Amino acid sequence: MSYLSLGRKSRTFKYLIYAIILICMFYLLITYDKDSKYNLNNPVAARLSHKETPKLVKGLGNFEPKEIEDKDGPGEKGQPHHLRQDQQNDADQSESEYGMNVACSDEISLDRTILDTRLPECKHWDYPENLPKTSVIIVFHNEGWSVLLRTVHSVLNRSPQNILEEVLLVDDFSDKENLKSDLENYIEQFSGKVRLIRNNQREGLIRTRSRGAQEARGEVIVFLDAHCEVNTNWLPPLLAPILRDRTTMTVPVIDGIDHKTFEYRPVYGDDRHFRGIFEWGMLYKETEVPQRELNRRKHNSEPYKSPTHAGGLFAIDRKYFLELGAYDPGLLVWGGENFELSFKIWQCGGSIEWVPCSRVGHVYRSFMPYNFGKLAQKKKGPLITINYKRVIETWFDAKYKEFFYTREPMARYLEMGDVSDQLALKERLKCKSFEWFMQNVAYDVLDKYPELPPNLQVGELRSVAVNKCLDTLGHGPPSLMAIQHCHGFGNNQLLRLNAKGQLGVGERCIEADTQGVKLVFCRLGTADGPWIYDDTTHTLLHRVYKKCMALHPQTPHLSLLPCDVNNAYQQWLFKEIRPK
Ligand code: LR7
Ligand code: MN
Numbered sequence: 001m002s003y004l005s006l007g008r009k010s011r012t013f014k015y016l017i018y019a020i021i022l023i024c025m026f027y028l029l030i031t032y033d034k035d036s037k038y039n040l041n042n043p044v045a046a047r048l049s050h051k052e053t054p055k056l057v058k059g060l061g062n063f064e065p066k067e068i069e070d071k072d073g074p075g076e077k078g079q080p081h082h083l084r085q086d087q088q089n090d091a092d093q094s095e096s097e098y099g100m101n102v103a104c105s106d107e108i109s110l111d112r113t114i115l116d117t118r119l120p121e122c123k124h125w126d127y128p129e130n131l132p133k134t135s136v137i138i139v140f141h142n143e144g145w146s147v148l149l150r151t152v153h154s155v156l157n158r159s160p161q162n163i164l165e166e167v168l169l170v171d172d173f174s175d176k177e178n179l180k181s182d183l184e185n186y187i188e189q190f191s192g193k194v195r196l197i198r199n200n201q202r203e204g205l206i207r208t209r210s211r212g213a214q215e216a217r218g219e220v221i222v223f224l225d226a227h228c229e230v231n232t233n234w235l236p237p238l239l240a241p242i243l244r245d246r247t248t249m250t251v252p253v254i255d256g257i258d259h260k261t262f263e264y265r266p267v268y269g270d271d272r273h274f275r276g277i278f279e280w281g282m283l284y285k286e287t288e289v290p291q292r293e294l295n296r297r298k299h300n301s302e303p304y305k306s307p308t309h310a311g312g313l314f315a316i317d318r319k320y321f322l323e324l325g326a327y328d329p330g331l332l333v334w335g336g337e338n339f340e341l342s343f344k345i346w347q348c349g350g351s352i353e354w355v356p357c358s359r360v361g362h363v364y365r366s367f368m369p370y371n372f373g374k375l376a377q378k379k380k381g382p383l384i385t386i387n388y389k390r391v392i393e394t395w396f397d398a399k400y401k402e403f404f405y406t407r408e409p410m411a412r413y414l415e416m417g418d419v420s421d422q423l424a425l426k427e428r429l430k431c432k433s434f435e436w437f438m439q440n441v442a443y444d445v446l447d448k449y450p451e452l453p454p455n456l457q458v459g460e461l462r463s464v465a466v467n468k469c470l471d472t473l474g475h476g477p478p479s480l481m482a483i484q485h486c487h488g489f490g491n492n493q494l495l496r497l498n499a500k501g502q503l504g505v506g507e508r509c510i511e512a513d514t515q516g517v518k519l520v521f522c523r524l525g526t527a528d529g530p531w532i533y534d535d536t537t538h539t540l541l542h543r544v545y546k547k548c549m550a551l552h553p554q555t556p557h558l559s560l561l562p563c564d565v566n567n568a569y570q571q572w573l574f575k576e577i578r579p580k
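Dropping the structure here:
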């Protein structure tokens, strides 16, 4: 009896254990998300989150400076500084050398105060105390002394000292005299907090940043251009999302610093939020954050997700960046690396957040003062487009690649090198498709830049009468189109007519009215147009005016006239162009 009851008890116990195991397995099954960032099959995302969230508090937040910076002098409080009339020569000279008025910058304190451009609410966030140690990496090539060092000073002045591991300067083979031993001597005063390493040859900003990441000592790295000023309490808000989830990359909101007066001011005046997107020629664009994303947050000063970023200023877990292969080493000098990193992060399980409480000013130069060096001379075709081609060939699905080639027809013929390492990485990290990215992250892009219908005609557009070509002359819209000697290089003479009647040059459109034939902004959200090309008569009909594109026989003026198929001044030939 007792033996029996014991047997029954142990059997009941056994069933109980089975039941518990089954319930556990069932629970695991329903809670397991195969796309989860914490999927251990994904080596990049194998660390569990700290789950520490900033809190909005009544008084000043824990990292907020206790006193407000207040000084008078040239450029203080971010005010514009104007040089005297007799200094105009220096100003002009430095502008043509650096793309910005370094002579003006030279008169402004390296420790100047700037306006706190954050939302008022930002002062009241308490951030986790155990934020990761950070290396701020600044790569530079021939930057102006005071501009570069104001960047360094602003970081030292406005970052919590125990979080800032170092400022790492990486010199991309500058040849300016004062960036040699003078710079080494200058940074000695910072007793090792500012480090300087140099490239032995020009590598371009992309490879130089990857090198900086390799050499940095901090757990998190923050990249800045060498002409920035960081604003009040800029660093903790960038680090908190990374502490919570190391696969989050964070981006500060970028303010403008005027390249002539060094005035510091917000780019978008009010408290609306913007995020980074792109059009199909891979030009970087910013657009207001969709309501759907804004609504996910409780407070307007909280970070929001963004498909991409401008490129220069961001924070990322150093090891995570290296696990992602840093930047594709095949990308040369300048451009496209912002997209490469963004697509890689999103498609391979990470995310990008823009952080309204972190503001950093950046000098937008008047022109690019440097050339692309030897690396570019070895390449056939424009380097930036070659970079874009590598990025889209790695990360886009077939359908989206076609949009890029439709918008950038010469790119088909460019030699982009080998991307098999990039494709292998994508495979290894089990990255998602571009379609997934478009539907879940960049869901606002197609509203602005819809699918592109195929081109019917591509090339230069020659007038049969004078054997010259339509040309934008590099003018921006709105402007009249001109007629010029055909140079065969494309660029301002590379036109395309798509299956829906849109005639375009680059990202712009060609329209016509009673004044003439014009270069205009394409209407956002559309990809159609008024033109019909007749292959046999070679006329270009404007559907709305029911007239044809015509060249004036005596002047270079283009207009719409009643169609006359026998008039050579109304006959046009598309001639395909290949890269030279
Ligand atoms: O060969 C070079 N080697 C370098 O080290 C060329 C440049 N550089 C340095 C340069 O000194 C600077 O510190 O690299 C940094 C960036 O170069 P910029 O300032 O000439 O670039 P940019 O501000 O015109 O361009 C934007 O796009 C680039 C594309 O590759 C980079 O991502 C830049 O970092 C990026 N700048 C920003 O995102 C700042 C916000 C402006 C916008 C939009
Ligand atoms: Mn820059």
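Counting from 1, position 34 in the sequence shown corresponds to residue 34 in full-length UniProt numbering; the numbering is continuous, with no gaps. Ideal Cβ positions, reconstructed from N, Cα and C, are used throughout, including at glycine. In this text, all values refer to a predicted model and were calculated from it rather than measured experimentally.
Does any heavy atom of the ligand MN sit closer than 7 angstroms to the C-beta of residue i?
i: His362; result: yes
i: His227; result: yes
i: Gly312; result: yes
Using 7 angstroms as the cut-off, classify the Cβ of residue i as near or not near the heavy atoms of the ligand LR7, replying yes or no.
i: His141; result: yes
i: Met368; result: yes
i: Trp234; result: no
i: Val289; result: no
i: Arg265; result: no
i: Glu302; result: no
i: Thr208; result: yes
i: Arg211; result: no
i: Val333; result: yes
i: Ile254; result: yes
i: Arg365; result: yes
i: Arg202; result: yes
i: Glu337; result: yes
i: Tyr268; result: no
Residues in the same chain with beta-carbon distance under 8 angstroms from residue i, minus the five sequence neighbours each way, listed in chain order, please.
i: Ala213; result: Ile137, Ile221, Arg318, Phe321, Leu322 and Ala326
i: Gln93; result: Ala103
i: His362; result: Asp225, His227, Cys228, Ile254, Asp255, Gly256, Ile257, Gly312 and Leu313
i: Glu52; result: Pro128, Asn130, Ala240, Leu243 and Arg244
i: residue 581; result: Past the edges of the chain, shown from 1 to 580, lies residue 581, and the structure says nothing about it.
i: Thr539; result: Tyr533, Cys548, Met549, Cys563, Val565, Gln570, Gln571 and Trp572
Answer with buried or exposed for residue i, where buried requires no fewer than 16 other C-beta atoms within 10 angstroms of its C-beta.
i: Gly59; result: exposed
i: Ala398; result: exposed
i: Ala103; result: buried
i: Tyr449; result: buried
i: Tyr413; result: exposed
i: Val194; result: buried
i: Val57; result: exposed
i: Arg11; result: exposed
i: Ala240; result: buried
i: residue 584; result: A query on residue 584 cannot be resolved here, the shown segment of the chain reaching from 1 to 580 and no further.
i: Phe339; result: buried
i: Ala46; result: Any reading at Ala46 is ruled out, since the residue's pLDDT is 41, under 50, leaving its predicted position unreliable.
i: Arg84; result: exposed
i: Lys580; result: exposed
i: Tyr388; result: buried
i: residue 581; result: Here the chain comprises residues numbered 1 to 580, so residue 581 is not present and cannot be evaluated.
i: Pro307; result: buried
Closer than 7 angstroms by C-beta to residue i: which residues in its own chain qualify, once you throw out the five before and the five after it? Chain order, please.
i: Leu497; result: Asn455, Leu456, Gln457, Leu503, Trp531 and Tyr533
i: Asp564; result: Gln570
i: Asn42; result: At Asn42, the pLDDT of 49 sits below 50, so the modelled position is not reliable; the number obtained from the coordinates is stated separately. Answer for Asn42: Gly349, Leu429 and Lys430, listed in chain order.
i: Ile386; result: Lys379, Leu414 and Met416
i: Gly529; result: Lys500, Gly501, Gln502, Leu503 and Cys509
i: Ser301; result: Leu119, Glu121, Cys122, Pro356 and Cys357
For residue i, which residues from the same chain have a beta carbon less than 6 angstroms from its beta carbon, with the 5 sequence-adjacent residues on both sides left out?
i: Gly459; result: Phe574, Lys575, Glu576 and Ile577
i: His124; result: Leu56, Val57 and Gly61
i: residue 664; result: Since the first and last residues shown for the chain are 1 and 580, residue 664 lies out of range.
i: Val289; result: His273, Arg275 and Tyr304
i: Glu76; result: Arg112 and Thr113
i: Ala512; result: His542 and Leu560
i: Ala91; result: Leu83, Asn101 and Ala103
i: Met368; result: none
Within 8 angstroms (strictly less), CB to CB, does residue i reach chain D?
i: Leu294; result: Absent from the structure: chain D. Only one protein chain is present.
Is the stretch 211-221 touching the stretch 379-398 in the sense that three or more CB pairs, one from each, lie closer than 8 angstroms?
-> As far as the Cβ criterion goes, the stretch 379-398 does not touch the stretch 211-221, which means the pair count is below three.
Is the stretch 544-551 close to the stretch 563-577, with three or more CB pairs under 8 angstroms?
-> The count of Cβ pairs closer than 8 angstroms, one atom from the stretch 544-551 and one from the stretch 563-577, reaches three, so the stretches are in contact.
Cβ contact check for the stretch 246-259 and the stretch 348-365: 3 or more pairs under 8 angstroms = Contact holds between the stretch 246-259 and the stretch 348-365, because three or more Cβ pairs, one in each stretch, are under 8 angstroms apart.
Examine the Cβ distances between the stretch 137-147 and the stretch 175-183 and report whether three or more of them are shorter than 8 angstroms.
-> Touching, yes, given that three or more Cβ pairs across the two stretches are closer than 8 angstroms.
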